[in-house]
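Numbering (the working numbering), first residue to last: 17 to 124.
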């Protein structure tokens, strides 16, 4: 996921999918790792969402987040910064992308 991801307020589809890659562009092994999506307001603003994602393919770093209507995931309109936080089985933590953010745009 390198381009902006767009949703309308209240939408729960499509889901947000990404392949998490290391700095050498290789997929990250997510075997037994916990992964969260973090969505923030632009420029260091407040936290909009932090929620677990599904790991679709552990060895290929493929993750999916399904938006939840009951949690109001897409109720806050605007351009948001998104990243994925991985906690490995040994306790180490890493954020993807390692530099910058993905854009998630929620419109009226």
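We treat Cβ as the ideally placed atom computed from N, Cα and C, and that holds for glycine.
Since we're looking at a predicted model, the values are computed, not measured.
Check	Outcome
Complete runs of the alpha helix (DSSP H) confined to the stretch 39-86 [at least 4 residues]	none
DSSP state of residue 94 mapped onto helix, strand, coil	strand
Delimiting residues of the beta strand (DSSP E) encompassing residue 27	From DSSP, residue 27 is part of no beta strand (DSSP E); its letter is neither H nor E.
Residue 89 burial status per 10 Å Cβ neighbour count (16 or more: buried)	buried
Assigned exposure category for residue 71 - 16 Cβ within 10 Å defines buried	buried
Buried versus exposed call for residue 102 [16 or more other C-beta atoms within 10 Å across all chains shown]	buried
Beta-carbon contacts of residue 33 that lie in its chain and below 6 Å, excluding the five residues immediately before and after	80
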